[in-house]
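Engineer: Let me begin by handing over the structure; questions about it come next.
Residue numbers (my numbering): 1 to 213.
Put into structure tokens, the structure is as follows:
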């Protein structure tokens, strides 16, 4: 049997990969062979080591393993206050870039790509299946470099299910981010916010709880 690759119907020779332009292509402006990486080798090794400890974080693992998840995150440099809860399936990419205040919760199957710091305040609820990412790419640069900006989630706030928090997102103290909202900028404190893009809709009013009185 011959190993020779036959030309395509339009005459393009594929014997050494995709030679020439594909239909509709113009001049090459983006070269992903030259995507830069500024991650130190030590950090890459730590991330590989962190991956070894992921069994307690797998989906459908018991909620009771939350203390073990927290202990492992602290072992790798996370700062986590008392009485916190981390659900199953949670994926924290860089533990040493996570700060979490007391009695806060990260719901099941939430993913936090925290290449730079993510700070979660006290008494925060992050519901299930949220996606929190500190990084994007410079789409104007031919080598598509990464750009990272920290994310802050203020104390007493609630991020409802299946929201996306992008680089530079800031959730104000006490704010509510409604289900499936997309946040890419600062949301004001004590407001209910929703949408894509997310925007403040109405004030969040806490009725007489007596806390602090």
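We put the beta carbon where it would ideally sit given N, CA and C, even for glycine.
Quick one: is residue 100 buried, meaning 16 or more other Cβ sit within 10 Å of its Cβ, or exposed?
Structural biologist: Buried, because 16 or more other Cβ atoms sit within 10 Å of the Cβ of residue 100.
Engineer: Judging by CA-CA distance, which residue of 121, 192, 21 and 114 is the nearest neighbour of residue 154?
Structural biologist: When only C-alpha atoms are compared, the closest one is 121.
Engineer: Going by C-alpha distance, which of 61, 135 and 156 is nearest residue 149?
Structural biologist: Nearest option by C-alpha distance: 135.
Engineer: Counting pairs of Cβ atoms below 8 Å between the stretch 105-112 and the stretch 135-147, do you hit three or more?
Structural biologist: Too few Cβ pairs lie closer than 8 Å, so no.
Engineer: Along the alpha helix (DSSP H) that carries residue 75, what are the first and last residues, could you check?
Structural biologist: Its alpha helix (DSSP H) spans residues 66-75.
Engineer: Tell me, please, whether the stretch 165-177 touches the stretch 186-197 by the rule of three or more beta-carbon pairs shorter than 8 Å.
Structural biologist: These segments touch.
Engineer: Short check: CB of residue 24 to CB of residue 59, under 8 Å?
Structural biologist: In this structure, residue 59 does not lie closer than 8 Å to residue 24 by Cβ.
Engineer: According to DSSP, is residue 32 part of a helix, a strand, or is it coil?
Structural biologist: If DSSP states are grouped into helix, strand and coil, residue 32 belongs with the helices.
Engineer: Helix or strand or just coil, what does DSSP make of residue 49?
Structural biologist: Here residue 49 sits in helix by DSSP.
Engineer: Residue 145 to residue 167, Cα distance in whole Å?
Structural biologist: Distance between the alpha carbons of residue 145 and residue 167: 14 Å.
Engineer: By how many angstroms is the C-alpha of residue 57 removed from the C-alpha of residue 65?
Structural biologist: Rounded to whole angstroms, residue 65 to residue 57 spans 8 Å at the Cα level.
Engineer: For the ligand ZN, I want to know if residue 168 counts as a neighbour, meaning its beta carbon is within less than 7 Å of at least one of the ligand's heavy atoms.
Structural biologist: You won't find the ligand ZN in this model; it holds no ligand whatsoever.
Engineer: Following the continuous beta strand (DSSP E) through residue 194, name the residue where it begins and the one where it ends.
Structural biologist: Segment 191-194, the beta strand (DSSP E) holding residue 194.
Engineer: Please classify residue 83: is it buried, with 16 or more other beta-carbons within 10 angstroms of its beta-carbon, or exposed?
Structural biologist: Under this definition residue 83 is an exposed residue.
Engineer: Which two residues bound the contiguous beta strand (DSSP E) that contains residue 216?
Structural biologist: Absent from the structure is residue 216, since the part of the chain shown begins at 1 and ends at 213.
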